[in-house]
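Colleague:
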Amino acid sequence: MKKFLVAVLIVITALGSVFAQGASETKGNVEIEFLQWWDPELPEGFLRSLLDEFEAQNPGIKVKLVSVPSASYYEQIVSGAATGTLSDVVGVDGKWIYDVSKMGALGSIQKYLDASSVKSELTNIYSVDNDAKSVPVVSFVYPLFVNMDLLNAAGYTEPPKTRSEFAEMAKACTDASKSQYGWVLPMPIQSSTGVRIETMTLYWGSGYKMIENGQPNLTNPNFIKTLEFEKDLLDAGAISPGALSKKEQDKVEEFANNRAAFMFNSLACINTLTNRAPNLNYVITDVPAEDGYEGTRGIRNADWAIGISANTKHPEEAFKLIEFLVTKANNQKLSSTANGFPGNKNATPDWVNNSNPRYAEAFEIFQRSALTNEFNAIPNSDNIGERIATQVQKIFTGELTPQQAAAEAQKSVMEVWQ
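For the sequence shown, the positions run -20 to -1, 1 to 398 when mature numbering (1 follows the signal peptide of the UniProt record, and there is no 0) is used.
#1: Indicate the three-state DSSP secondary structure (helix, strand or coil) for glycine 287 in the structure shown.
#2: Give, in chain order, every unbroken run of the alpha helix (DSSP H) that is at least 4 residues long and sits entirely within the stretch 326 to 355.
#3: Is asparagine 356 buried or exposed, if buried means 16 or more other CB atoms sit within 10 Å of its CB?
#4: Just mark valine -3 as buried or exposed, buried being the case when its beta carbon has 16 or more other beta carbons within 10 Å.
#5: Assess contact between the stretch 143 to 162 and the stretch 192 to 199, defined as three or more Cβ pairs (one per stretch) separated by less than 8 Å. Is contact present?
#6: Based on DSSP bridge pairs, tell me the residues matched to leucine 86.
#7: In three-state terms, what does DSSP make of proline 168?
#8: What first and last residue would you give for the alpha helix (DSSP H) that runs through proline 201?
#9: Counting C-beta neighbours from all protein chains within 10 Å, is the total for methionine 394 16 or more, i.e. buried, or is it exposed?
#10: Extract the residue ranges of the beta strand (DSSP E) inside the stretch 88 to 147, only unbroken runs of 3 or more that lie entirely within it.
#11: Report, in whole angstroms, the separation of the C-beta atoms of glycine 320 and leucine 253, which I expect to be a contact under 8 Å.
#12: How should glycine 378 be labelled, buried or exposed, when 16 other C-beta atoms within 10 angstroms of its C-beta is the threshold for buried?
#13: On the criterion of 16 or more Cβ atoms from any shown chain inside 10 Å, does valine 80 qualify as buried, or is it exposed?
#14: Can you round the beta-carbon distance between valine 396 and asparagine 360 to whole angstroms, since I take them to be within the 8 Å contact cut?
#15: For the stretch 239 to 321, list the alpha helix (DSSP H) runs that are entirely contained and at least 4 residues long, ordered along the chain.
#16: CB threonine 103 to CB leucine 351, shorter than 8 Å?
#17: Under three-state DSSP, which class holds aspartate 68?
#18: Excluding the 5 residues preceding and the 5 following asparagine 324 in the sequence, name in chain order all residues of the same chain whose CB lies nearer than 8 Å to its CB.
#19: Please state the DSSP three-state secondary structure of glutamate 379.
#20: Near isoleucine 204, what residues of its chain come up, given a Cβ to Cβ distance below 7 Å and the 5 sequence neighbours on each side ignored?
#21: For glutamine 16, report the span of its beta strand (DSSP E) as first-last.
#22: What is the rounded straight-line gap between the Cα of threonine 137 and the Cα of serine 225?
#23: Taking the CB atoms as reference points, tell me whether alanine 240 and tryptophan 163 lie closer together than 8 Å.
#24: Looking at alanine 389: is its Cβ nearer than 8 Å to the Cβ of isoleucine 368?
#25: On the DSSP bridge list, what partners appear for valine 46?
#26: What's the gap between the Cα of aspartate 94 and the Cα of serine 88?
#27: For leucine 165 versus methionine 149, is the C-beta distance shorter than 8 Å?
#28: Cα-Cα, which of Lys75, Arg280, Tyr188, Glu344 is closest to glutamate 178?
#29: Does the Cβ-Cβ distance between valine 126 and tyrosine 262 come in under 8 Å?
#30: Smallest Cα separation from aspartate 283: which of Gly222, Lys91, Val117?
#31: In terms of residue numbering, what span does the alpha helix (DSSP H) encompassing glycine 60 cover?
#32: Out of Ala327, Phe299, Ser316, Ile364, state which residue places its alpha-carbon closest to the alpha-carbon of isoleucine 41.
#33: What number of angstroms, rounded off, separates the C-alpha of asparagine 237 from the C-alpha of glutamine 160?
#34: Give the range of the beta strand (DSSP E) segment to which tyrosine 161 is assigned.
#35: From what residue to what residue does the alpha helix (DSSP H) around alanine 236 run?
#36: Taking C-alpha atoms, which residue in Leu22, Phe34, Ala61 lies nearest to glycine 84?
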């Protein structure tokens, strides 16, 4: 009997040694998954090489890169959250942050941010119920593109700084006989991009907010004035015809062909115009502000943001990857390669030194503006955008006045506001 007990003790001791060794190996060789849609939009191999640098600096942590096309990406997050299989580190669009947090997809990064020196360097922190959920890694902003040849021909030498100058120049540059208009403004009925990129960019430019005291306030006088501004240019014939059927690529095509004096677009459009119309004489500038406004101008941003899964077994390691991507040196590399603006306000992308001076001007606009996108981290963001767009589009069809559209938008949005 004694021999049997001794044998059992030996086996238990041996198994304990094996399990202890296995736990050590697991702890020392953690693999985390990083789900994102960015890799296919970056030069081949770039993101993997950046993650290799992370692994070299953090021995024992391996990163499995999981890429999903942007068209089906949101569904992947929803599915992963529902089944408990969501990757440890998750790339997110800002407009999804609230909804995916509420469905249990994103975990809190508050305590990790509070302990990190990088917190004070971030351009933004997205929170839900005062709990940090995500930070931007790369941002894309939408300044005003101005065709200087059309302005010069109309007698102007400088781009507009105020809304009244914008309206005056847009009307002066319009010549329907030449299919030439002041402002190309897509307002496609099948999406909310027109309201998000055009209407709200103009609205936020003067520091206005559509959410006040935690509630939508679309009937405020400043939002109505913005809609009236658009209607005035529409009635004057200064907006390129067919706005309700135009898409973003149509806007770029008209601008590239000297058929529009103004358009709002992202930095990526500089590359497009360089290839499409290398001799086009244009500048980029701040969003024209309400006459008399002297505060910091808002500028619309769209982000590649990032967070950690609520179900990750490795939150510390997951946050280490986030921290790595937003530190100054690495964020500079990523924003440079993505042709975007950095999530770390101390980083300067390499493209600032491009021979094309518009890049340096774009960065200056970014630095002096307040990144503003109130569709980020709000409930039912896509639905709310679509509900606002539906009513604004009725101004373009003549069904509603700006005051009526604002009132109907407020009523519709409150139906889905949580």
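In this text, a Cβ means the ideal position worked out from N, Cα and C, and glycines have one as well.
Modeller: Checking against the coordinates, here is how it stands:
#1: strand
#2: 337 to 348
#3: buried
#4: Reliability fails at valine -3, whose pLDDT of 32 lies under 50, so the model's placement of it is uncertain and the value that follows must be treated cautiously. Its Cβ having fewer than 16 others within 10 Å, valine -3 is exposed.
#5: no
#6: Ser289
#7: coil
#8: 201 to 215
#9: exposed
#10: 106 to 108, 111 to 121, 124 to 127
#11: Not quite, the Cβ-Cβ distance comes to about 17 Å (not below 8 Å), so this is no contact.
#12: exposed
#13: buried
#14: 5 Å
#15: 248 to 256, 295 to 306, 308 to 318
#16: yes
#17: coil
#18: Val98, Glu101, Leu102, Thr103, Val306, Thr307, Lys308, Asn311, Gln312
#19: coil
#20: Pro382, Gln383, Ala386
#21: 10 to 16
#22: 32 Å
#23: yes
#24: yes
#25: Leu15
#26: 11 Å
#27: no
#28: Arg280
#29: yes
#30: Val117
#31: 53 to 63
#32: Phe299
#33: 10 Å
#34: 161 to 163
#35: 228 to 236
#36: Ala61
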